[in-house]
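Engineer: When we follow the working numbering, the leftmost residue of the sequence shown carries the number 41, and every step to the right adds one. Ideal Cβ placement from N, Cα and C applies to all residues, glycine included. Sharing a structure with you now.
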Amino acid sequence: MNVYDSQRMTGILAPLGYELTAEPAEAALIILNTCHIRDKAAEKVYSELGRIRMLKNDSSATRPLIAVAGCVAQAEGEEILARAPAVDIVVGPQAYHRLPELIARATKTQRAAIDTEFPAIAKFDQLPQADATPSPGAAFLTVQEGCDRFCTFCVVPYTRGPEYSRPVASVVAEAERFAALGACEITLLGQNVNAYHGADEAGRNIGLGALIARVAAIAGIERVRYTTSHPADMTAELIAAHGAIPALMPFVHLPVQSGSDRVLKAMNRRHTADDYRRIVERLRGARADLALSSDFIVGFPGETDDDFEATLALVADIGFAQAYSFKYSARPGTPAADQPQVAEAVKSERLAALQGLLDRQQSAFNAASVGSTIDVLFERAGRRPGQVIGRSPHMQAVHVDGPATLIGRIARVRVVEGGANSIGGRLLDEVPA
Ligand code: 5AD
Ligand code: SF4
């Protein structure tokens, strides 16, 4: 979502004459778009600010304005200025449309400008539309923001605020715009995207399944994805959409966090491990080739060896194509942060064991793709000359030998090789020069 937000910020600054540069020393304004989900991500902001601060003293640089955007800005506000006085602007995720005003204020007054309000007017209506897709052929599109679930480990309900769904018409208009800019794949985004319930043109609330159908019907859109979902919001309608909409890719990122009912309860996830198993079964029932990815937290406060074993057992039962796993990180202001913590060494041990199992599952999934014929959306040049890299329907990175003209397009590929993190293939389509 930060990629999407950064693009919107670029759009809002373009009328002021700002253009993107890859060179920090050339920049008149540097915006760090930050993440507060775990301590490591938040701390990275300060080490990065330390590096950027040098540019302010460097006579060969442009002495840029420095802005901190995103969830660290939202969560820490004034504290950022105390730790990093070189910062000129602090802007939370709900206030990006006010960036021009904040820049003017910081420039005029020579004092830091802060905006971490949650304004009543939806920012989406005030941000200009994109003029390019972030990656050739593919675009992210935020349809839902914020979260009302309050999992006890998570900062999102505090930093991104209450759950908000965009109206259907504005989502469809933006998807049409991306299609006109050459996108054939749209990924619908939200912190809890399957809680989507936007109003359609007739004023009725529709769910994510119906929204996906609307986006999939747009000429030029061949692939639709969505992320990230909560198991308890996996409705029958959305599950059915996987069987009914061919453009909906057979891949779901469905975080489960833990396989222990005790831990799930303490996390306030409001479902059991068996609920999760049943949801996966229903998804696979709707679409047999559906693959899953997930997020896991190890070392949540109170997690015992038995709890962790239950997580390994769930992973073994499901068989994930890919997954992310993290050590629990205590976040200020969240309920779990005050609980007795699991020792760091135990967390490290559990993380290594879980990642070992998940890596084996990913390799097995990639190996099982060998011999199949798949559609690949090519997105960038590979490391070797003459190589291009894209994504399979199952989100695997796919490398083939082929021309750069493939980038931004979908082509047929025969998978010939499966690795730990990617698969290799041979082009089957004739490729125009
Ligand atoms: N500690 C560790 N991981 C976390 N996540 C969210 N909050 C925390 C935390 N406090 C993970 C969850 C979530 C993903 C985006 O980040 O697994 O699904
Ligand atoms: Fe955080 Fe997701 Fe739980 Fe919402 S549903 S509180 S975003 S982990």
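Helix, strand or coil for residue 409 per DSSP?
Structural biologist: Stepping through the sequence shown from its first residue, residue 409 is reached at position 369. It is helical.
Engineer: According to DSSP, what are the bridge partners of residue 154?
Structural biologist: For the purposes of this step, residue 154 is identified with residue 114 of the sequence shown, where counting begins at 1. According to DSSP, which records beta bridges pairwise, residue 154 is partnered with 130.
Engineer: Taking only the alpha-carbon atoms, compute the straight-line gap between residue 251 and residue 295 and give it to the nearest angstrom.
Structural biologist: Within the sequence shown, the letter at position 211 stands for residue 251. Within the sequence shown, the letter at position 255 stands for residue 295. Residue 251 and residue 295: Cα-Cα distance of roughly 21 Å.
Engineer: Looking at the structure shown, is residue 469 part of a helix, part of a strand, or coil, going by DSSP?
Structural biologist: Counting from 1 along the sequence shown, the entry for residue 469 is found at position 429. Residue state, collapsed to three classes: coil.
Engineer: Checking the sheet assignment: what are the DSSP bridge partners for residue 451?
Structural biologist: Against the sequence shown, residue 451 aligns to sequence position 411. Looking at the DSSP assignment, residue 451 forms a beta bridge with 416.
Engineer: By Cβ distance, which residues of its chain are closer than 6 Å to residue 355, with the 5 residues on each side in sequence left out?
Structural biologist: The count along the sequence shown starts at 1 and reaches residue 355 at position 315. The residues are 397.
Engineer: Can you tell me whether residue 194 sits near ligand 2, meaning its C-beta is under 6 Å from at least one heavy atom of the ligand?
Structural biologist: Position 154 of the sequence shown, counted from the start, is the residue given in the question as residue 194. Yes, Cβ of residue 194 sits closer than 6 Å to a heavy atom of ligand 2.
Engineer: If you measure from the CB of residue 191, is any heavy atom of ligand 2 nearer than 6 Å?
Structural biologist: Counting from 1 along the sequence shown, the entry for residue 191 is found at position 151. Indeed, a heavy atom of ligand 2 lies less than 6 Å from the Cβ.
Engineer: Can you pull the DSSP bridge partners for residue 181?
Structural biologist: The count along the sequence shown starts at 1 and reaches residue 181 at position 141. Answer is 228, bridged to residue 181.
Engineer: Report the three-state DSSP secondary structure of residue 395 (helix, strand or coil).
Structural biologist: Position 355 of the sequence shown, counted from the start, is the residue given in the question as residue 395. Reduced to three states, the DSSP call for residue 395 is helix.
Engineer: Contact defined as beta carbons within less than 8 Å: I believe residue 416 pairs with residue 458. What is the distance between those atoms, to the nearest angstrom?
Structural biologist: On the sequence shown, residue 416 is found 376 positions in, with the first residue counted as 1. On the sequence shown, residue 458 is found 418 positions in, with the first residue counted as 1. Contact flag wrong, Cβ pair sits at about 14 Å.
Engineer: Just checking, does the region 364–380 make contact with the region 320–340 on the three C-beta pairs under 8 Å criterion?
Structural biologist: yes
Engineer: Would you kindly work out how many angstroms separate the C-alpha atoms of residue 315 and residue 276, rounded to a whole number?
Structural biologist: For the purposes of this step, residue 315 is taken as the residue at position 275 of the sequence shown. For the purposes of this step, residue 276 is taken as the residue at position 236 of the sequence shown. Residue 315 and residue 276: Cα-Cα distance of roughly 14 Å.
Engineer: Could you check whether residue 146 and residue 135 sit closer than 7 Å to each other, using their CB atoms as the reference points?
Structural biologist: Locating residue 135 in the sequence shown gives position 95, where the first residue counts as 1. Locating residue 146 in the sequence shown gives position 106, where the first residue counts as 1. No. Outside cutoff.
Engineer: Closest to residue 249 by C-alpha separation, out of 242, 266, 261, would be which residue?
Structural biologist: Counted from its first residue, the sequence shown places residue 249 at position 209. It is 266 whose Cα lies nearest to the Cα of residue 249.
Engineer: Could you give the distance in angstroms between the alpha-carbon of residue 342 and the alpha-carbon of residue 278?
Structural biologist: If you number the sequence shown from 1, residue 342 lands on position 302. If you number the sequence shown from 1, residue 278 lands on position 238. Roughly 34 Å between the two C-alpha positions.
Engineer: So does the region 227–247 actually touch the region 179–198, counting three or more Cβ pairs closer than 8 Å?
Structural biologist: yes
Engineer: Which residues in the same chain have their Cβ closer than 6 Å to the Cβ of residue 128, if we skip the five residues on either side of it in sequence?
Structural biologist: Start at 1 with the first residue of the sequence shown, and residue 128 comes out as number 88. Counting only Cβ-Cβ distances below 6 Å, and skipping sequence neighbours, we find 105, 106, 146, 152.
Engineer: Taking the alpha helix (DSSP H) that residue 292 belongs to, which residues open and close that run?
Structural biologist: Mapped onto the sequence shown, residue 292 falls at position 252. Residue 292 -> not in any alpha helix (DSSP H); beta strand (DSSP E) instead, spanning 291–293.
Engineer: Relative to the alpha-carbon of residue 340, which residue among 260, 301, 124 has its alpha-carbon at the smallest distance?
Structural biologist: By 1-based counting over the sequence shown, the position of residue 340 is 300. Looking only at 260, 301, 124, the smallest Cα-Cα distance to residue 340 is reached by 301.
Engineer: If you reduce the DSSP assignment to three classes, tell me which class residue 87 lands in.
Structural biologist: Looking up residue 87 in the sequence shown gives position 47. DSSP places residue 87 in helix when its eight states are reduced to three.
Engineer: How many Å lie between residue 446 and residue 61 at the Cα?
Structural biologist: Counting from one through the sequence shown, the residue named residue 446 turns up at place 406. Counting from one through the sequence shown, the residue named residue 61 turns up at place 21. Spanning the alpha carbons of residue 446 and residue 61 requires a straight line of approximately 26 Å.
Engineer: Can the beta-carbon of residue 320 be found less than 7 Å from the beta-carbon of residue 391?
Structural biologist: As a first step, residue 320 is located in the sequence shown; it is residue number 280 there, counting from the start. As a first step, residue 391 is located in the sequence shown; it is residue number 351 there, counting from the start. Contact flag unset, no.
Engineer: Return the chain-ordered list of same chain residues with a C-beta closer than 7 Å to the C-beta of residue 230, the five sequence neighbours on each side being excluded.
Structural biologist: Within the sequence shown, numbered from 1, the residue matching residue 230 stands at position 190. So the qualifying residues of the chain are 182, 183, 184, 185, 236.
Engineer: Starting from the N-terminal side, write out each stretch of the alpha helix (DSSP H) that is 4 residues or longer and does not extend beyond the region 309–361.
Structural biologist: Every alpha helix (DSSP H) of 4 residues or more that sits fully in the region 309–361 is shown, in chain order, as 313–326, 345–358.
Engineer: Between residue 231 and ligand 2, is the CB less than 6 Å from at least one heavy atom?
Structural biologist: The sequence position of residue 231 within the sequence shown is 191, counting from 1. Yes, the beta carbon of residue 231 sits closer than 6 Å to at least one heavy atom of ligand 2.
Engineer: By Cβ distance, which residues of its chain are closer than 6 Å to residue 389, with the 5 residues on each side in sequence left out?
Structural biologist: Mapped onto the sequence shown, residue 389 falls at position 349. Answer for residue 389: no residue qualifies.
Engineer: Roughly how many whole angstroms lie between the Cα atoms of residue 53 and residue 322?
Structural biologist: Stepping through the sequence shown from its first residue, residue 53 is reached at position 13. Stepping through the sequence shown from its first residue, residue 322 is reached at position 282. Taking the straight line from one Cα to the other gives about 45 Å.
Engineer: Taking residue 464 as the reference, give the member of 444, 73, 428, 450 with the closest Cα.
Structural biologist: Here residue 464 refers to the residue found at position 424 when the sequence shown is read from its first residue. Of the candidates 444, 73, 428, 450, the one whose C-alpha sits nearest the C-alpha of residue 464 is 428.
Engineer: Compute the minimum distance between the beta carbon of residue 197 and the heavy atoms of ligand 2, and state whether it is under 6 Å.
Structural biologist: The count along the sequence shown starts at 1 and reaches residue 197 at position 157. At least one heavy atom of ligand 2 is nearer than 6 Å to the Cβ of residue 197, so yes.
Engineer: Tell me the residue span of the alpha helix (DSSP H) that contains residue 143.
Structural biologist: What you label residue 143 is simply residue 103 of the sequence shown in a count that begins at 1. Where residue 143 is concerned, the enclosing alpha helix (DSSP H) stretches over 139–149.
Engineer: Three or more beta-carbon pairs under 8 Å between the region 434–449 and the region 209–216, yes or no?
Structural biologist: no
Engineer: Could you tell me if the beta carbon of residue 187 falls within a distance shorter than 6 Å of some heavy atom in ligand 2?
Structural biologist: The residue you call residue 187 lines up with position 147 of the sequence shown. It does: the Cβ of residue 187 is within 6 Å (strictly closer) of some heavy atom of ligand 2.
Engineer: Count the other CB atoms within 10 Å of the CB of residue 148; is the residue buried (16 or more) or exposed (fewer)?
Structural biologist: Taking the first residue of the sequence shown as 1, we reach residue 148 at position 108. Burial call: exposed.
Engineer: Identify, in the order they occur along the chain, each residue of the same chain with its Cβ nearer than 6 Å to the Cβ of residue 78, setting aside the five sequence neighbours on each side.
Structural biologist: By one-based count along the sequence shown, residue 78 stands at place 38. If we look at residue 78 and ignore the five residues flanking it on each side, its Cβ neighbours are 369.
Engineer: Quick one: what's got a C-beta closer than 6 Å to residue 324's C-beta in the same chain, skipping five residues either side?
Structural biologist: Here residue 324 refers to the residue found at position 284 when the sequence shown is read from its first residue. Excluding residues within five positions, the ones whose Cβ falls inside 6 Å are 330.
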